[in-house]
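Asks:
Residue numbers (my numbering): 22 to 152.
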């Protein structure tokens, strides 16, 4: 579980600091899923596919996260997997408005890298924060 907790801390630091730092945490064959993403379910297979999406998406993302709060980490029967409840908060630089949203992520860490990340988002809260 210590590898999982360390990875959770690293994710939080990347989201509130340099979001591209997350890229170094990913396994080459990572699978990233967002079943409830705005616009419909999304799935990326492999680090290269994720980066092809994430790099331009980050460039246009209007919110700067400055707070990551892990609320609960649930251990599972699989030592590579944890379920993480967390909150991200930040500021919309154009308006100065602050907002936050809660998430649940299912994290799989293998050989010190993220092998899987499935994020369940509160799309209503996210869309409100972005408007």
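Glycine included, C-beta positions come from ideal geometry on N, C-alpha and C.
Note that the structure is predicted; figures quoted are calculated from it, not measured.
(1) Starting from residue 85, follow its DSSP beta bridges and name the residues at the other end.
(2) Output the boundary residues of the alpha helix (DSSP H) element that contains residue 38.
(3) Does the region 108-120 come close enough to the region 38-52 that 3 or more CB-CB pairs lie under 8 Å?
(4) Which partner residues of residue 90 appear in the DSSP bridge assignment?
(5) Any idea what DSSP makes of residue 101, helix, strand or coil?
(6) Return the first residue and the last residue of the beta strand (DSSP E) that residue 50 is part of.
(7) Is the beta carbon of residue 74 sitting closer than 9 Å to the one on residue 33?
(8) Report, in whole angstroms, the separation of the C-beta atoms of residue 122 and residue 108, which I expect to be a contact under 8 Å.
(9) Have a look at residue 66 and residue 102 and give me their C-alpha separation to the nearest angstrom.
(10) Relative to the alpha-carbon of residue 94, which residue among 136, 44, 124 and 131 has its alpha-carbon at the smallest distance?
(11) Mark residue 76 as exposed unless 16 or more other C-beta atoms lie within 10 angstroms of its C-beta, in which case mark it buried.
(12) Per DSSP, residue 65 is paired with what?
(13) Roughly how many whole angstroms lie between the Cα atoms of residue 29 and residue 68?
(14) Tell me the rounded alpha-carbon separation between residue 57 and residue 85.
Replies: According to the structure shown:
(1) One-based indexing of the chain shown puts residue 85 at position 64. According to DSSP, residue 85 bridges with 112.
(2) Numbered from its first residue, the chain shown carries residue 38 at position 17. It is not in any alpha helix (DSSP H) - residue 38 carries neither H nor E in the DSSP assignment.
(3) no
(4) In the chain shown, residue 90 corresponds to position 69, counting from 1. Paired residue(s): 108.
(5) For the purposes of this step, residue 101 is taken as residue 80 along the chain shown, with counting starting at 1. Coil at residue 101, not helix or strand.
(6) What you label residue 50 is simply residue 29 of the chain shown in a count that begins at 1. Residues 47-55.
(7) Position 53 of the chain shown, counted from the first residue, corresponds to residue 74. Position 12 of the chain shown, counted from the first residue, corresponds to residue 33. No, they are not a contact pair.
(8) Position 101 of the chain shown, counted from the first residue, corresponds to residue 122. Position 87 of the chain shown, counted from the first residue, corresponds to residue 108. Rounded, the Cβ-Cβ distance is 7 Å, consistent with contact.
(9) As a first step, residue 66 must be located in the chain shown, where it is residue number 45. As a first step, residue 102 must be located in the chain shown, where it is residue number 81. If you take the alpha carbons of residue 66 and residue 102, they lie about 18 Å apart.
(10) Residue mapping note: residue 94 aligns to position 73 of the chain shown, counting from 1. The shortest C-alpha separation from residue 94 is found at 124.
(11) Numbered from its first residue, the chain shown carries residue 76 at position 55. Exposed is the call here.
(12) As a working note, residue 65 is residue 44 in the chain shown. Bridge partners of residue 65: 53.
(13) Sequence index remark: in the chain shown, residue 29 carries index 8 (1-based). Sequence index remark: in the chain shown, residue 68 carries index 47 (1-based). Distance between the alpha carbons of residue 29 and residue 68: 18 Å.
(14) As a first step, residue 57 must be located in the chain shown, where it is residue number 36. As a first step, residue 85 must be located in the chain shown, where it is residue number 64. Residue 57 and residue 85: Cα-Cα distance of roughly 22 Å.
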